[in-house]
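Numbering-wise, my numbering comes out as the position in the sequence shown, counting from 1, plus 77.
Backbone N, C-alpha and C define an ideal beta-carbon position, used for all residues, glycine too.
Being a predicted model, the structure only gives us computed values, none of them experimental.
The next block holds one structure in the form of structure tokens; read it before the comments.
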Amino acid sequence: MTEQRAISRGRFTSFDKRPARGDERAALFRETPLELCERVTLGTAWALRPKRIGVLVPLARMWVAHLLGARATLPDADAVSGTCELAGIASDLSPPMLMEAYASGLFPHGHFGPVKWFSPLQRAVLHLDDFHISTRLRSIMRQGRYRVTFEGDFEGIIKGCAGRRSGRWHLTWITPRIMRAYAELYDAGHVHSFEVWNKDGELAGGGYGVAVGRVFVIESQFFRESNASKIGFSVLARHLANWGFVLADNKWLTPTTAQMGFHDIPRADYLSRLAVLTPEPVRTGRWEAELDSKAVADWRPAEDRAAR
78 MTEQRAISRG RFTSFDKRPA RGDERAALFR ETPLELCERV TLGTAWALRP
128 KRIGVLVPLA RMWVAHLLGA RATLPDADAV SGTCELAGIA SDLSPPMLME
178 AYASGLFPHG HFGPVKWFSP LQRAVLHLDD FHISTRLRSI MRQGRYRVTF
228 EGDFEGIIKG CAGRRSGRWH LTWITPRIMR AYAELYDAGH VHSFEVWNKD
278 GELAGGGYGV AVGRVFVIES QFFRESNASK IGFSVLARHL ANWGFVLADN
328 KWLTPTTAQM GFHDIPRADY LSRLAVLTPE PVRTGRWEAE LDSKAVADWR
378 PAEDRAAR
């Protein structure tokens, strides 16, 4: 039997469904001593880079205040000064607190040490009407080589996002604590995953994110086969547009997301839009894919916008 616990904070209320898979998650989200040592070492090296070292002073100040008990419920996302994107220490990663944070423009991040609340100066966003699917990707999607599902394997997706990337140092912010926090948020119906399966039924890629009002905040994506995560996100974007979502938020801009139509907007602009788009959720609970990649390959967002 599944236990359900009502959770509420502010305007967000849901039921925390607790499937009988705690032991499986504990084993899957486990970090070995060697992996912890690697993460701390690489995280220290990252923090000591010349362009990052200036963050250490405000971080130390926040950490001391945190340890002494000066723990504000949530920092002000718009009060972060200078070029520092740190807003505060995230001691509470419960589902209600996380949802309030996202609605306020904050998100948790951090490779080691305390998890921090972040509020970037620039936010990489996509208006779903501006989404771009390249000609080559459309061609691949029409071949039907991949099947896309939603909520099909959240644990496999978050573990894949935290996994090693070819040609990169293994430094991930998706720590066991983060995995557990987002697993709880998934059980509460606010985190959603998309999976891309190949013809052999193997997980080829995917990602997950948080739905807050009419905004979908992308947390992480990964791929094991070329274009898999792009196909998965394209299918997700089509569904988000159909369901009434307006904005996708990738936090920081990358070359890949820029090609898809994401662009930077100032923090103040982002917070203003967030205030308009988050009061009421548009799709809660578990999601199911209603269109396959072949159907999404024919989607022309610009034409849809012109038709309205």
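Contact between the region 260 to 272 and the region 231 to 238 is defined here as three or more beta-carbon pairs at a separation below 8 angstroms; is this criterion met? Contact between the region 260 to 272 and the region 231 to 238 is present, with at least three C-beta pairs closer than 8 angstroms.
Can you list, in chain order, the residues of its chain whose CB lies under 6 angstroms from that of Met78, leaving out five sequence neighbours each side? In this prediction, Met78 has a pLDDT of 31, which is less than 50 and means its spatial position is unreliable; what the coordinates show is noted afterwards. If we look at Met78 and ignore the five residues flanking it on each side, it has no Cβ neighbours.
Stretch-stretch touch, CB-based, cutoff 8 angstroms, three pairs: the region 103 to 119 with the region 249 to 256: yes
Can you check the region 215 to 268 for any beta strand (DSSP E) of at least 3 residues that lies completely inside it and give the ranges in chain order? Those beta strand (DSSP E) runs which fall completely within the region 215 to 268 and span 3+ residues are 224 to 227.
In the DSSP assignment, what residue or residues form a beta bridge with Asp341? Ala201
Determine which residues share a DSSP beta bridge with Ser270 and list them. Tyr285
Delimiting residues of the alpha helix (DSSP H) encompassing Glu177: Segment Pro172 to Ser181, the alpha helix (DSSP H) holding Glu177.
In this structure, how does DSSP classify Asp398 when only helix, strand and coil are distinguished? For residue 398 there is no data in the structure shown, the boundaries of the chain being 78 and 385.
Ordered along the chain, which non-local residues of its own chain (more than five positions away) have a Cβ less than 6 angstroms from that of His209? Met337 and Gly338
Starting from Phe300 and walking both ways along the beta strand (DSSP E), at which residues does that stretch end? Start and end: Val292 to Phe300.
Who are Trp320's beta bridge partners in DSSP? None, per the DSSP bridge assignment.
So what's Leu280 in DSSP terms, helix, strand or just coil? Leu280: strand per DSSP, three-state reduction.
Which value, in whole angstroms, describes the spacing of the CA atoms of Arg344 and Val294? 15 angstroms
Given a threshold of 16 other Cβ atoms within 10 Å of its Cβ, counted over all protein chains shown, does Cys238 qualify as buried or as exposed? buried
Is Asp346 closer than 9 angstroms to Asp206 when the C-beta atoms are compared? no
My output table needs one value for Leu354: the three-state DSSP class, helix, strand or coil. helix
Coil, strand or helix - Phe195 by DSSP: strand
Quick check on the DSSP output: the beta strand (DSSP E) that includes Ala154 runs from which residue to which? No beta strand (DSSP E) holds Ala154; DSSP gives it neither H nor E.
What is the DSSP secondary structure of Asp169, reduced to helix, strand or coil? Coil.
Where the beta strand (DSSP E) through Phe184 begins and ends: Phe184 to His186
Would you call the CB atoms of Val323 and Val292 closer than 9 angstroms? Yes.
For the structure I just gave you, are there three or more beta carbon pairs, one from the region 216 to 232 and one from the region 356 to 368, closer than 8 angstroms? yes
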